[in-house]
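Going by the working numbering, the sequence shown runs without a break in its numbering and finishes at 272.
Here the structure is laid out as structure tokens; the discussion comes afterwards.
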Amino acid sequence: MIMKKHSFLFLAVALLLLAGCEREDRIVPDCTNLFFGLYSPSAQIREVGMVEAGGTTPLFTTQWLGRRLLNVSYPNPQSDFGETVVNQYHYDSHNRLADIDSNIFFTYNVEGLLSSVRIVLTDRTRTLTFQYDGGLQPVKVVDSTLYRLTTDINEWYSSSKAYLLEWRKGNLVKATPSGRDGVSYDFYYDDNHNPFCGFALSFVLSQERLLSYPSFFSMNNVTAIASYNPDGSRHEYVSYDYEYYNTWPQVANRHVGDDSTQTFTIKYR
């Protein structure tokens, strides 16, 4: 009788575990628009590395459960001892990305589209707020930052920048500051799959010039970014070329001007 109870208990626990795994593995998110808050392309990134003279240095690696991204690991830039930072990804009841490490938070509007991203750092809190006009892509983003002074926690100051956004075929093609100041951007793309579309990375979202990294926002791979000063003069020009396998990039080369080239490798599951 005792053995039967133990067998029944073991079977019940096993069924619960299997049900949990099946529920996770059967997630089939709608990936047609990253602003639905879901990242699950048909080719999932396993590792991205930078090619250097001594070989390839991993920039980050990932861990997945079925179609759900669990975590991203990368070397701690503040450490000289080879320490690794692991960012954990959490989801809400609709399987949308809710937060990363409980310091980057994602909210959604009543239409189910991404409404804001709040990034809480040691010395500042940054909030990206997206505005829509009835479409599936935002027409405006407001980038606000609240800075906290480490010398006096009661002293702080804030800044805010707003950009008008233009889209074509699921790609961000133009970002124009809503005021007279600020850098404007034009973006150009290929017709191949972008594995980074909707792939929220904490160290990218923390960058001061987030619009210099449009891969998070676009369906295809960026081939050039041209930015301009308020007087119309060229601020910067960055170009990219790729090596593909079945329309997915395996190698990406980033060129800044005529002198600087960075090469990255992309490995998939």
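Note that the Cβ used here is the ideal one computed from N, Cα and C, for glycine as well.
Pair within 8 Å by beta-carbon distance, residue i and residue j
i, j, result
"Thr250", "Asn195", "yes"
"Val123", "Phe109", "no"
"Thr59", "Thr226", "no"
"Ser161", "Ser147", "yes"
"Phe38", "Leu167", "no"
"Asn174", "Asn223", "yes"
"Phe63", "Ser45", "no"
"Ser163", "Val186", "no"
"Gln47", "Trp67", "yes"
"Tyr92", "Asn74", "yes"
"His238", "Tyr231", "yes"
"Tyr150", "Asp126", "yes"
"His258", "Thr266", "no"
For residue i, the nearest candidate out of the options (CA to CA)
i, options, result
"Leu214", "Leu37, Leu72 and Tyr188", "Tyr188"
"Leu117", "Arg127, Ala101, Ala178 and Ser45", "Ala101"
"Thr128", "Ile107, Thr264 and Tyr135", "Ile107"
"Pro61", "Tyr192, Leu139, Arg49 and Arg212", "Arg49"
"Asp262", "Asn174, Lys270 and Ser242", "Ser242"
"Tyr111", "Gln134, Val259, Thr125 and Gln91", "Gln134"
"Val254", "Tyr231, Thr64, Met53 and Leu68", "Met53"
"Asn98", "Arg183, Asp83, Val207 and Tyr42", "Tyr42"
"Val176", "Val207, Ala229 and Asp104", "Ala229"
"Val88", "Asp244, Glu246, Phe206 and Glu239", "Phe206"
"Gly260", "Tyr240, Thr132 and Arg272", "Tyr240"
"Lys270", "Phe84, Gly40 and Val51", "Val51"
"Gln210", "Leu131, Thr65 and Gly40", "Leu131"
"Arg212", "Ser236, Ala178 and Pro252", "Ala178"
"Gly40", "Asp83, Arg171, Asn79 and Gly115", "Gly115"
"Asn36", "Trp170, Arg272 and Tyr191", "Trp170"
"Asn90", "Ser96, Ser105, Phe84 and Asp83", "Ser105"
One or two residues paired with residue i in a DSSP bridge
i, result
"Arg129", "Ile122 and Thr148"
"Gln265", "Arg257"
"His196", "Asn223"
"Tyr231", "Ser187 and Arg237"
"Thr1", "The structure shown does not extend to residue 1, since the chain spans only 4 to 272, so no value can be given for it."
"Phe206", "DSSP, once it has assigned bridges, lists no residue as partnering Phe206."
"Tyr245", "Ala255"
"Phe109", "Val120"
"Leu100", "Tyr94"
"Ser161", "Leu149"
"Asn275", "As shown, the chain starts at 4 and ends at 272. That puts residue 275 outside it, with no answer to give."
"Gln140", "None; Gln140 has no bridge partner."
"Tyr135", "Paired residues: none, contrary to the question."
"Tyr271", "Ile48"
Below-8 Å beta-carbon distance, residue i vs any chain B residue
i, result
"Gly185", "Absent from the structure is chain B; it holds one protein chain and no more."
> Are the region 216-236 and the region 190-206 touching by the rule of at least three beta carbon pairs closer than 8 Å?
Replying inline: They touch, by the three-pair rule.
> What residue ranges within the region 47-94 form continuous beta strand (DSSP E) runs of no fewer than 3 residues, ordered along the chain?
Replying inline: Complete beta strand (DSSP E) runs here, min 3: 48-55, 58-68, 71-78 and 87-94.
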